[in-house]
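Reading through the structure tokens given below for one structure.
Protein chains: 4
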Amino acid sequence: MIQIGIVGGTGYTGVELLRLLALHPKVEIAVVTSRADAGTRVDAVYPSLRGYCNVVFTPPEVESLAACNVVFFATPNGTAMLMAEQLLQRGVKIIDLSADFRLQDVKQWEHWYGMQHACPALINEAVYGLPEINRAAIKAARLIACPGCYPTAVQLGFLPLIEQGLIDTQRLIADVKSGVSGAGRKAELATLMSETGESFKAYAVAGHRHAPEITQGLSKFAGAAVSLTFVPHLTPMIRGIHATLYGQLQTDVKDLQALYEQRYKEEPFVDVLPQGAHPDTRNVRGSNRCQIAVHQPQGGNTVVVLSVIDNLVKGAAGQAVQAMNLMFGFEEAQGLQTLALYP
Amino acid sequence: MIQIGIVGGTGYTGVELLRLLALHPKVEIAVVTSRADAGTRVDAVYPSLRGYCNVVFTPPEVESLAACNVVFFATPNGTAMLMAEQLLQRGVKIIDLSADFRLQDVKQWEHWYGMQHACPALINEAVYGLPEINRAAIKAARLIACPGCYPTAVQLGFLPLIEQGLIDTQRLIADVKSGVSGAGRKAELATLMSETGESFKAYAVAGHRHAPEITQGLSKFAGAAVSLTFVPHLTPMIRGIHATLYGQLQTDVKDLQALYEQRYKEEPFVDVLPQGAHPDTRNVRGSNRCQIAVHQPQGGNTVVVLSVIDNLVKGAAGQAVQAMNLMFGFEEAQGLQTLALYP
Amino acid sequence: MIQIGIVGGTGYTGVELLRLLALHPKVEIAVVTSRADAGTRVDAVYPSLRGYCNVVFTPPEVESLAACNVVFFATPNGTAMLMAEQLLQRGVKIIDLSADFRLQDVKQWEHWYGMQHACPALINEAVYGLPEINRAAIKAARLIACPGCYPTAVQLGFLPLIEQGLIDTQRLIADVKSGVSGAGRKAELATLMSETGESFKAYAVAGHRHAPEITQGLSKFAGAAVSLTFVPHLTPMIRGIHATLYGQLQTDVKDLQALYEQRYKEEPFVDVLPQGAHPDTRNVRGSNRCQIAVHQPQGGNTVVVLSVIDNLVKGAAGQAVQAMNLMFGFEEAQGLQTLALYP
Amino acid sequence: MIQIGIVGGTGYTGVELLRLLALHPKVEIAVVTSRADAGTRVDAVYPSLRGYCNVVFTPPEVESLAACNVVFFATPNGTAMLMAEQLLQRGVKIIDLSADFRLQDVKQWEHWYGMQHACPALINEAVYGLPEINRAAIKAARLIACPGCYPTAVQLGFLPLIEQGLIDTQRLIADVKSGVSGAGRKAELATLMSETGESFKAYAVAGHRHAPEITQGLSKFAGAAVSLTFVPHLTPMIRGIHATLYGQLQTDVKDLQALYEQRYKEEPFVDVLPQGAHPDTRNVRGSNRCQIAVHQPQGGNTVVVLSVIDNLVKGAAGQAVQAMNLMFGFEEAQGLQTLALYP
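Chains as they are written, first to last, in my numbering: chain F, 22 to 364; chain P, 22 to 364; chain L, 22 to 364; chain R, 22 to 364.
Pasting the structure below:
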């Protein structure tokens with residue numbers, strides 16, 4: 022049994038961590054922090070957890086968190102970087118679900134996140150927590166930067182094609198659609214049901230924070246800088262991300278289906294669907310899976326990859342638990358064997 | 022490990038049984054039948070089950086089902102009654118999620134279900150599978166008639182009041198709202214998203230098949246015939262039932278909250294919320310729980326009970342698994358320890 | 022052409038007034054106020070109005086509003102009462118969509134709305150703007166208190182029964198369901214799509230501000246104080262209210278259907294559906310209609326009335342325009358001949 | 022007053038025609054056909070039309086339709102081509118909302134629609150009813166082939182760029198998302214709310230019937246064959262199409278915004294949003310508008326066009342009425358001055 026701390030337990034990624042960890046056989050939830058709700062029982066705020074979580078919210082303090090083996094940051098950007106150093110010094114491992122340690126380039130981070138980075142020294146140490154490319158490093162890490170939700174869906178979708186040098190990496194297009202829970206649990210006009218229900222829109226076409234993260238990842242796969250057009254959209258549902266990815270084949274490829282199946286055959290949480298399939302976000306709702314299909318319409322030059330995840334699971338809390346399992350030598354899928362909720 | 026058969030595996034209660042049983046440590050899914058999909062892998066129809074279910078749909082045949090320890094009928098009404106006798110004779114236990122054995126009065130059953138009952142001899146033997154009132158009988162049963170979804174929410178809500186003789190049983194009102202999955206997985210105009218999304222309606226106000234089932238149950242609690250006005254509604258969501266129940270207190274009651282907490286304190290799947298709470302269907306989505314709150318607005322004579330379940334879990338497949346656990350001496354909550362999917 | 026002012030043009034009732042009035046042939050929208058958006062074009066905030074509304078938001082000032090023939094208050098409670106007197110003195114008529122002048126009893130108002138009433142002198146003069154009972158008074162009024170959304174659906178549903186003394190007015194039950202736009206256009210956690218989508222709940226069972234308003238209205242119909250249990254619910258859709266009303270018949274009634282048809286046969290915006298029908302909120306979405314059906318399940322003592330409106334139209338802006346038409350001698354349905362948006 | 026016939030009045034495009042035409046001052050709805058509902062009042066099937074449509078459904082017969090000035094076909098594909106010739110001979114104009122006359126190449130049509138074309142002789146005469154490129158021809162036409170919903174959104178989005186030869190027409194990508202009403206009003210498993218709610222998916226990536234229609238149109242704009250990758254998606258809402266279009270600029274362009282504004286400045290139903298905007302499908306819900314925004318992310322080579330319509334209005338019934346207005350010399354926007362229903 023390891024002791025778990027969760028900083029920022031009142032957001033959607035926080036409560037999703039609680040949903041997953043409450044049933045994880047190797048962990049005990051010791052500390053869940055919330056400034057606003059300190060003193061309140063966690064299950065008073067989240068009645069879905071009644072009977073599974075007896076913890077009371079406490080204010081975020083290094084002292085209590087330092088007693089944990091690992092601390093998850095499910096906080097807004099800019100919080101983890103303030104506490105990371107102290108906790109690491111106390112021997113606590115850190116899994117950061119926010120963006121604080123995702124970008125290797127501090128200047129770029131400061132540009133996109135609009136603040137000064139409080140802890141640049143740790144950026145290099147932080148391991149980007151995508152097990153499908155970084156499994157060994159994650160096992161050895163003290164500090165994990167969990168990938169964003171869009172970056173997870175897009176990188177897993179493009180990975181086999183780019184690794185193999187099959188597509189023109191100067192003309193990548195990612196048209197991605199997200200459910201509204203991706204915007205977080207905060208009082209905002211833009212994500213009211215009356216504003217987002219029964220409607221569909223693109224946003225941030227001029228530039229979105231996840232674009233540099235994706236580009237950084239894809240460039241590593243390619244071994245050279247890639248160029249990506251990334252267009253995020255808001256879709257009227259709560260959970261789910263659907264990435265539709267477009268690449269131009271620059272070489273004759275015999276069997277894209279086999280390429281994807283081969284690349285992911287050992288991966289517990291990437292599921293390549295049969296030839297011709299169209300993944301549906303509901304089939305991964307609540308599960309830690311990424312389901313992928315690859316198409317080459319009319320045998321042409323354009324390859325279309327469809328990649329779906331639950332933004333709160335494989336796109337956040339589930340991926341964080343997967344990293345934790347690796348870091349502590351647990352079975353990688355422990356606590357993550359939940360089937361999607363269909364219908 | 023017991024061997025499980027599921028007849029009618031392509032409906033929503035069938036696939037929900039698969040979701041729950043695929044992870045149940047004491048069972049093996051041996052047979053899943055479907056006339057229409059015979060020969061197809063189950064996970065080809067339900068990609069959410071990929072990796073968790075290697076079974077192929079087969080036609081419903083007594084021979085193959087007879088090798089199971091228990092067979093679930095997740096079929097339309099009128100099917101279980103055709104096969105029940107043969108299976109019982111072969112030593113197979115039966116858990117029927119349809120309505121075939123719910124009503125004790127054959128004439129009434131034939132009136133509401135519009136067909137002749139094929140197996141009236143078994144009606145008396147069938148145990149109504151509501152553990153909160155029938156636990157001992159379920160443990161000893163060969164044939165379980167699982168309660169309907171509306172009846173589960175309504176009976177659990179009214180039970181403490183009626184058992185104690187606190188309300189006028191001649192003036193019961195149940196105003197109940199259901200998500201659309203209650204209508205089943207069949208091609209119908211009325212449950213298209215374009216017909217049911219963004220809209221709310223009552224239906225079957227003149228009479229609904231679940232009314233006699235509820236009345237039968239409440240009358241048993243009361244020890245005398247009750248009179249109920251039951252109005253079902255269709256609400257634009259997929260899963261969930263919310264029952265709003267109205268009763269007229271006919272005696273001075275000191276503490277309704279304590280009454281409910283007391284009645285359900287040993288029940289693993291009935292959760293009485295704190296005083297003043299309003300249960301939300303999402304907090305039981307995907308879980309086997311019934312969450313209940315009891316109110317006495319302005320201290321008046323009218324008691325208002327709010328009772329929510331997931332119609333596919335506590336209202337169908339979860340309750341069926343709970344019954345199976347009891348029948349086979351497993352821990353009652355085995356395989357049902359799933360937390361609700363919030364948000 | 023009369024000149025129109027709208028105070029509080031950035032809420033849902035404000036923009037709904039704009040949608041209706043932009044096409045009204047007898048009016049010109051002269052002033053639309055918003056403190057927060059002053060200086061911005063209205064159609065920059067609401068792109069649905071592009072080409073139909075050239076007005077720029079201005080701060081709410083008596084001087085500019087005084088040039089209008091009529092001013093609508095689409096404001097939070099507590100605003101109209103601050104400006105009403107001055108505007109009336111300047112000869113401006115007022116239609117208040119908020120609750121400031123709805124309750125005749127100041128003490129009760131102050132209790133439910135949690136503030137001191139700034140203008141009690143006008144409460145008596147204010148005419149409750151439900152044309153179906155107050156048409157003549159509305160025509161002559163200077164100050165209209167528009168009914169709330171719940172009160173409109175409930176009063177129109179109960180009216181014929183209570184007027185005729187057919188039901189026991191000491192045991193009225195109104196189980197009412199509302200879309201989330203009823204909560205208004207403001208940044209709040211509780212009405213995020215992630216919080217309200219795919220879920221159903223009751224709220225304010227202990228007491229809701231609309232209860233005294235409904236009780237006041239029903240008591241007038243009855244000529245004596247009535248007793249009502251009112252339970253509002255939040256349903257996962259944007260527009261629409263569905264009231265399910267329960268009354269106990271205290272006399273033999275021959276033909277409830279004829280009673281309703283007769284009572285409303287001259288009403289342009291109350292539509293009694295054929296015997297046995299179940300109104301669906303989508304069939305009044307965007308329209309000023311109330312559709313009603315009356316049922317007497319199994320010929321028993323309990324009468325069940327189903328009454329649906331669009332909360333933003335007949336429950337707010339549409340009813341306000343109907344009142345305006347009456348006050349200025351326009352055709353009552355002018356500008357309100359919009360059909361519901363189905364599907 | 023012209024006399025209108027509608028063949029196939031029970032689908033979503035049929036009832037949408039009724040919604041629009043019921044209030045059109047220059048027309049009278051004379052005949053509405055439905056085999057299944059013949060003999061039933063139209064407003065019994067569609068209670069939203071009560072009071073606005075006194076017609077009774079009749080079987081589709083040339084004799085009765087021949088008395089109309091214009092007949093709309095709101096039928097499945099393959100019906101209009103069977104009656105078109107006879108009606109034209111009787112002097113009746115035809116506006117076909119189905120696909121029967123959309124493709125100029127009969128072989129291609131027969132390939133995609135899987136049947137023999139019954140009336141190839143009329144294909145050449147049929148005018149493609151997109152007023153923004155064919156206004157004069159529509160005015161003179163006897164037979165209109167109304168564009169499909171996807172083709173309308175995509176063509177209007179790409180038109181200015183292709184007309185001006187600004188983008189590489191061999192690498193066009195259209196990633197398009199549709200609400201479920203596009204699938205029509207028919208009993209089908211795939212469009213149940215339980216199947217499509219809270220989920221997002223692509224479909225028909227290998228090939229969709231609208232692809233040849235779009236390619237045909239864009240090729241005309243280009244004056245040469247274009248190459249398009251078209252990926253349609255199903256989004257969990259009822260109405261709305263959002264096209265996200267990607268093109269590679271092949272020349273230096275100074276001002277894309279001005280290009281679009283200039284191209285559409287006289288168009289009553291194409292609204293170019295301000296620089297940097299993101300159109301939202303709800304802002305055109307129920308209206309005949311196409312709202313468009315054009316982006317050039319980070320000043321790169323890729324241009325991204327966002328184009329939204331209501332699939333049932335500008336994508337079907339509204340565009341058909343617009344064509345009718347042109348054919349009969351009415352004001353082009355007559356009967357189409359409805360504002361979008363927000364929220």
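Idealized CB from N, CA, C, for every residue including glycine.
Within the stretch 207 to 222 of chain R, contact with chain P at the beta-carbon level (separation under 9 angstroms) is assigned to Lys207, Ala208, Glu209, Leu210, Ala211, Thr212, Leu213, Met214, Ser215, Glu216, Thr217, Gly218, Glu219. Of the residues L/Gln110, L/Ser308, L/Gln296, L/Ile330, the one whose Cα lies closest to the Cα of L/Pro318 is L/Gln296. Secondary structure note for L/Ser199: its beta strand (DSSP E) is the uninterrupted segment 193 to 199.
With three or more CB-CB distances shorter than 8 angstroms, the stretch 253 to 261 of chain P counts as touching the stretch 215 to 226 of chain P. Annotated three-state conformation of L/Ser328 is strand, per DSSP. For P/Ala227, the chain L residues whose C-beta falls within less than 8 angstroms of its own C-beta are Gly297, His316, Pro318, Gln319, listed in chain order. Not a single C-beta of chain P is nearer than 9 angstroms to the C-beta of F/Val53.
The alpha helix (DSSP H) runs lying completely inside the stretch 109 to 147 of chain L and spanning 4 residues or more are 127 to 134, given in chain order. Here DSSP, grouped into helix, strand and coil, assigns R/Lys222 to strand. Within chain L, no residue has its CB atom less than 9 angstroms from the CB of R/Gln278, the nearest being about 16 angstroms off. Here DSSP, grouped into helix, strand and coil, assigns R/Ala51 to strand. Residue environment: F/Asp121 is assigned as buried (16 or more neighbouring CB atoms within 10 Å of its CB, all protein chains considered).
Taking 9 angstroms as the cut-off, the beta carbon of L/Val91 is found no closer than this to the beta carbon of L/Leu70.
At least 9 angstroms separates the CB of F/Val63 from every CB of chain L. Around the beta carbon of R/His263, 16 or more other beta carbons sit within 10 angstroms, so the residue counts as buried. L/Leu360 has a beta carbon lying at 9 angstroms or more from every beta carbon in chain P. Taking a cut-off of 8 angstroms for Cβ pairs, the stretch 206 to 213 of chain R and the stretch 191 to 210 of chain F do not touch, as fewer than three such pairs fall below it.
When DSSP states are grouped into helix, strand and coil, R/Ile165 belongs to the strand group. Under the Cβ criterion of 9 angstroms, F/Thr190 is not counted among the residues facing chain R. Contact note: L/Ile259 reaches chain F through Met214, Ser215, Gly218, Glu219, using a C-beta cutoff of 8 angstroms and chain order.
Inter-segment contact for the stretch 89 to 105 of chain L and the stretch 62 to 69 of chain L is absent: fewer than three beta-carbon pairs are separated by less than 8 angstroms. The C-beta distance from R/Gln176 to R/Leu151 rounds to 6 angstroms, short enough to fall under 8 angstroms. For P/Thr54, the closest C-alpha among the options P/Val48, P/Leu44, P/Ser85, P/Pro68 is that of P/Ser85. The three-state reading of DSSP puts R/Arg62 in strand, counting E and B together.
F/Ala338 has its alpha-carbon roughly 8 angstroms from the corresponding atom of F/Leu41. F/Ile159 and F/Glu153 have their alpha carbons spaced roughly 10 angstroms apart.
R/Val252 is not a Cβ neighbour of R/Ala204, given a cutoff of 9 angstroms. Where F/Ala232 is concerned, the enclosing alpha helix (DSSP H) starts and stops at 231 to 243.
Taking C-beta separations shorter than 8 angstroms and ignoring five residues to either side along the sequence, the partners of F/Thr31 in its chain run Ser55, Ala57, Asp58, Val66, Phe78, Arg206, following chain order.
Of all residues in the stretch 33 to 47 of chain P, only Tyr33, Val36, Arg40, Ala43, Leu44 place a beta-carbon less than 8 angstroms from a beta-carbon of chain F. Under a criterion of Cβ atoms nearer than 8 angstroms, the residues of chain R adjacent to L/Gly307 are, in order, Gly307, Leu362. Your pair L/Ile27 and L/Val48 does not check out as a contact, with CB atoms roughly 11 angstroms apart and the cut at 8 angstroms. Annotation: Cβ neighbours of P/Ile194 in chain L (cutoff 7 angstroms, chain order): Ile194, Tyr267. Across the set P/Leu182, P/Glu216, P/Ile50, P/Tyr149, the C-alpha of P/Leu182 shows the shortest separation from the C-alpha of P/Val324. P/Asp273 counts as exposed, since fewer than 16 other C-beta atoms from the protein chains shown sit within 10 angstroms of its C-beta.
In this structure, DSSP gives F/Gln271 a state outside helix and strand, which the three-state scheme calls coil.
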